[in-house]
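Structure first, commentary second.
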Amino acid sequence: MVQWQTMSTWSEQRKLALLMAFHTLWASVLGWSIAKYGLGASTDSVVYLFAATNWAQGKGLVSFDGSPYWLWPPLYPLLIALVHRATGLSAFAAAHVTQFLAFFLYAYFASRLFLRIFRGDLLWAALAGLLLDIGPVVVSTFHLVGSDYIYALFIVIVAVLNGEYARTQKWTTALLMALLAALAALQRYIGFVDVAVAGAALLYWTRGNWRKRLSRALPVAFCALAPLLWLRYYQVFGEGRWREPLPFTRYFAQFTTGMLGWFVPETAIEANYPLYALALWSILSLLIIAFLSLARRYALLTPYSAPLLGYGLLYVLALFGRALQVYFNRLWGRFQLPIYLPLLLLLLLTLHALKRILAEQESGSLRTLAWSLPLSIVLAIGVLLGRTTAHRLLDARRGNIPENIYNTSAWAENRVLHYWKAHRPQGEYLLFANYPAGVALHTGHWVYPSPRKFATPYSSTVIPLSDYRTTLFAPGKETYLIWIEPNTYEHLYRPDELTPLAEIEPILSGEDGGLYRLSPR
Numbered sequence: 029m030v031q032w033q034t035m036s037t038w039s040e041q042r043k044l045a046l047l048m049a050f051h052t053l054w055a056s057v058l059g060w061s062i063a064k065y066g067l068g069a070s071t072d073s074v075v076y077l078f079a080a081t082n083w084a085q086g087k088g089l090v091s092f093d094g095s096p097y098w099l100w101p102p103l104y105p106l107l108i109a110l111v112h113r114a115t116g117l118s119a120f121a122a123a124h125v126t127q128f129l130a131f132f133l134y135a136y137f138a139s140r141l142f143l144r145i146f147r148g149d150l151l152w153a154a155l156a157g158l159l160l161d162i163g164p165v166v167v168s169t170f171h172l173v174g175s176d177y178i179y180a181l182f183i184v185i186v187a188v189l190n191g192e193y194a195r196t197q198k199w200t201t202a203l204l205m206a207l208l209a210a211l212a213a214l215q216r217y218i219g220f221v222d223v224a225v226a227g228a229a230l231l232y233w234t235r236g237n238w239r240k241r242l243s244r245a246l247p248v249a250f251c252a253l254a255p256l257l258w259l260r261y262y263q264v265f266g267e268g269r270w271r272e273p274l275p276f277t278r279y280f281a282q283f284t285t286g287m288l289g290w291f292v293p294e295t296a297i298e299a300n301y302p303l304y305a306l307a308l309w310s311i312l313s314l315l316i317i318a319f320l321s322l323a324r325r326y327a328l329l330t331p332y333s334a335p336l337l338g339y340g341l342l343y344v345l346a347l348f349g350r351a352l353q354v355y356f357n358r359l360w361g362r363f364q365l366p367i368y369l370p371l372l373l374l375l376l377l378t379l380h381a382l383k384r385i386l387a388e389q390e391s392g393s394l395r396t397l398a399w400s401l402p403l404s405i406v407l408a409i410g411v412l413l414g415r416t417t418a419h420r421l422l423d424a425r426r427g428n429i430p431e432n433i434y435n436t437s438a439w440a441e442n443r444v445l446h447y448w449k450a451h452r453p454q455g456e457y458l459l460f461a462n463y464p465a466g467v468a469l470h471t472g473h474w475v476y477p478s479p480r481k482f483a484t485p486y487s488s489t490v491i492p493l494s495d496y497r498t499t500l501f502a503p504g505k506e507t508y509l510i511w512i513e514p515n516t517y518e519h520l521y522r523p524d525e526l527t528p529l530a531e532i533e534p535i536l537s538g539e540d541g542g543l544y545r546l547s548p549r
C-alpha cells in the first residue's frame with residue numbers, strides 16, 4: 029500500500045498558496061466575462077432559481093409556474109436558498125455567489141490533488157491547474173446557472189479525501205467521503221456514480237480484513253438512502269412523461285463533437301467531421317494503452333488518481349446507458365464536464381511517466397527531451413484549449429453563453445419587459461407568456477405558459493380554447509399576457525387567436541412583442 033506524507037511543511041503550503049494565487053487571478057477573468065449581463069440562464073436555471081426563492085419563503089420547492097420541483101435533485105436550489113437567506117441577495121445574485129464559492133473550493137481541492145499526484149514537481153502541478161482552469165467545458169459550465177459546476181466539485185473532494193483516508197485510515201474521513209458522495213447524488217442523479225466510486229475506494233484502500241473493509245464502506249449505502257428516496261419520488265412523478273431515446277450513433281456523434289469542440293472551431297468540425305473524429309479516438313485509444321502499460325511501473329494509480337480515473341470511466345458508461353433508456357437532447361456541453369478532469373489527469377500522468385522514462389536514459393539528447401517533449405505537448409494542448417476558451421470568454425462578455433437562452437442582450441433590452449417593470453399592476457394577478465421561464469426570470473413573478481393550440485410542436489390534435497377557461501382566469505385577479513417576439517413556438521395560440529375566449533386589450537405592442545390585458549367573454 030502506498031504511504032503518503034502530510035502536506036504540512038511551509039514549502040508545500042507555499043506551493044498551494046502559489047497555485048491559489050493563479051486561480052484567484054483567473055477568477056477575476058471569469059468575473060470580467062460575466063460582468064455585463066451575469067451568468068447565463070436556461071429554462072432549467074429559472075426552475076432552480078424559483079425553487080430556491082419559494083423554498084426560502086416557506087412555499088416549498090415550487091417552480092416558476094407553480095408546479096412542484098421534481099425533475100432534478102434538490103441540493104442546488106437549497107444551496108442557493110441558503111445563500112439567499114444568509115445574504116439577502118436575490119436568488120439570481122445568490123447563484124453568482126454560489127458559483128464563485130464553488131470555483132474557489134474546486135480550485136483549492138484540485139490544487140491539493142495535483143500537488144499530491146505530482147509530488148515534488150510544482151511545474152506539472154501548476155500546468156495541471158492551468159489546463160483545468162482554461163478548459164472550455166469548465167468555463168462554459170461556470171458561465172451558466174446550473175448544478176453541474178458544483179457537482180464537479182464533489183468529484184474532486186471525494187478523490188482528495190480518499191487519498192487522505194488511504195494514508196490515515198480514519199473512520200471520520202471515510203464517513204465524510206460517504207456523505208459527500210451522497211450529496212453528489214442529491215446534486216445530479218448520475219451522482220450515484222460517485223456513490224459507487226466512494227464505496228469501491230473504501231473497500232480497496234482500507235487496510236485489514238474484509239469485515240473491517242465492509243464496515244468502512246457500509247456508511248456509503250446508508251448515506252445514499254436520502255438521494256434514493258428523492259429518486260423514487262422523481263420516478264413516480266415523472267412516470268409516462270419520457271420521450272424515446274435517440275440512437276446510439278447519434279449520441280456517439282454528439283459526444284465526439286463535444287470533445288472536438290474543446291480544440292477545434294465548430295465550422296472546421298462540420299467540414300471534416302470523419303477525419304477529426306478518427307484522429308480524436310485514435311489519440312485517445314493510444315493514450316489509454318500507453319497509460320495502462322506504464323501504470324504499474326511508475327505507480328500511476330494512487331489513492332488520489334485512481335478514484336478520478338475510475339469515476340471517468342463509470343460516468344461515461346452511466347451517461348450513455350441512461351441516454352439509451354431516456355431521451356437526452358445532447359451529450360455535449362455540461363454533460364461532459366465530469367470527464368474533463370479524468371481525461372486531463374490521464375494525459376498528464378502519461379506524459380509525466382514519459383518524462384521519467386526519457387530522464388532515465390543514458391543518452392544526453394534523450395534526457396534533454398525528458399523536459400522539453402512532454403512540456404511542449406502540454407503547452408500545445410494548452411494553446412488549443414486557450415484559443416477556444418478565449419472566444420468563449422469574449423462571447424460571455426457579450427451575453428452569448430452556450431445554453432443561455434434568457435439572460436441575453438435581447439432579453440435585457442426588450443421594451444415590453446422594461447415597460448412591465450415600470451408599470452407593474454397592483455394587487456394579485458395571473459401572468460401568462462409564450463416564454464414563461466424567460467419572463468419569470470426578468471419579472472420575478474410566477475408565470476404560466478400561454479395556451480397551447482397543440483400539445484407539442486409535432487402534434488396535430490387541436491386543444492380547444494374552451495379548455496383554458498378555468499385556467500386563464502381566476503376570481504378577483506386580472507390576467508395579463510406578455511408575448512415576446514420573435515416567437516418560435518408555432519404550437520401556441522397567438523394573442524389575436526384568443527379573442528373567442530377573451531377580450532384582448534393591447535397595452536403595448538411593437539417589434540419586441542406585446543403586453544395584453546385579458547378579460548373573460
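Under this note's numbering, think of the first position of the sequence shown as 29, with each following residue one higher.
Quick reminder that beta carbons are idealized off the backbone N, C-alpha and C, glycines included.
Given the structure is predicted, the values throughout are model-derived calculations rather than measurements.
| message | Quick check on R216: buried or exposed, where buried means 16 or more other Cβ atoms within 10 Å of its Cβ? | response | buried
Identify, in the order they occur along the chain, each residue of the same chain with its Cβ nearer than 6 Å to the Cβ of P252, setting aside the five sequence neighbours on each side.
Here the sequence assigns Ala to residue 252, which means Pro is not the residue at that position. A210 and V223, listed in sequence order.
By a C-beta neighbour count over all protein chains shown, 10 Å radius and 16 as the cutoff for buried, is Y261 buried or exposed? exposed
*In whole angstroms, what is the alpha-carbon distance linking L403 and T396?*
11 Å
At least 3 beta-carbon pairs within less than 8 Å: the region 496 to 514 vs the region 453 to 465: yes
*asked:* For a quick check, are the C-beta atoms of L181 and A130 less than 8 Å apart?
replied: yes
| query | Ordered along the chain, which non-local residues of its own chain (more than five positions away) have a Cβ less than 6 Å from that of E533? | reply | R545
When DSSP labels each residue in this structure, what does V467 get in the three-state scheme?
helix
**Study point:** Cα-Cα separation, V444 to L543
**Key:** 7 Å
| query | Can you tell which of G414, Y447 and V292 has the C-alpha that lies nearest to the C-alpha of I162? | reply | G414
task = Give me the Cα-Cα distance between D540 and Y434, rounded to the nearest whole angstrom.
result = 14 Å
Specify the secondary structure class of A119 as computed by DSSP and reduced to three states. helix
### Helix, strand or coil at S547 [DSSP, three-state]
strand
Specify, as a first and last residue, the run of the alpha helix (DSSP H) that W233 falls within. F220 to W233
Q. Roughly how many whole angstroms lie between the Cα atoms of T234 and F120?
A. 43 Å
- Query: Where Q389 and V184 are concerned, what is the direct C-alpha to C-alpha distance, given to the nearest angstrom?
  - Reply: 35 Å
CB-CB length for P479 against L526, believed under 8 Å | 7 Å
Measuring straight from C-alpha to C-alpha, what distance separates L160 and L256? 31 Å
Is the distance from the Cβ of V173 to the Cβ of S73 below 8 Å? yes
Tell me whether S537 sits in a helix, a strand or coil according to DSSP, three-state version. strand
How big is the Cα-Cα spacing for S175 and S391? 51 Å
- Query: Taking contact to mean at least 3 C-beta pairs separated by less than 8 Å, is the region 62 to 76 in contact with the region 39 to 48?
  - Reply: no
*At a cut of 8 Å, does the region 410 to 427 reach the region 289 to 305 through at least three beta carbon pairs?*
yes
Practice item. Would you mind reading off the limits of the alpha helix (DSSP H) that contains L422? Key: G392 to R425
Check your understanding: From L375, R384, A381 and L421, pick the residue whose C-alpha is nearest to that of A408; which is it?
Key -> L375
Using DSSP's beta-bridge definition, name the partner residues of V90. P96
Within a Cβ cutoff of 6 Å, which residues of the same chain sit near A122, ignoring the five residues on either side of it in sequence?
I108, V111 and H112
Discussion item. Using a 10 Å radius around the Cβ and a threshold of 16 neighbouring Cβ atoms, would you call S547 buried or exposed?
Written reply: exposed
query: Do A79 and V90 have their CB atoms nearer than 8 Å?
result: yes
Measuring straight from C-alpha to C-alpha, what distance separates S118 and V125? 11 Å
Rounded to whole angstroms, what's the CA-CA distance from Q85 to H171? Just pull it up for me.
27 Å
inquiry  = DSSP has G68 in a bridge; who is on the other side?
reply    = L172
_Alpha carbon of P366 to alpha carbon of A138, nearest angstrom_ = 13 Å
Query raised in the report: Does the Cβ of V490 have 16 or more other Cβ atoms within 10 Å, making it buried, or fewer, making it exposed?
Result: exposed
Do the region 293 to 305 and the region 358 to 373 touch if we need at least three Cβ pairs shorter than 8 Å?
-> no
- Query: Hey, Y179 and A212 are a contact pair by Cβ (cut 8 Å); roughly how many whole angstroms apart?
  - Reply: 6 Å
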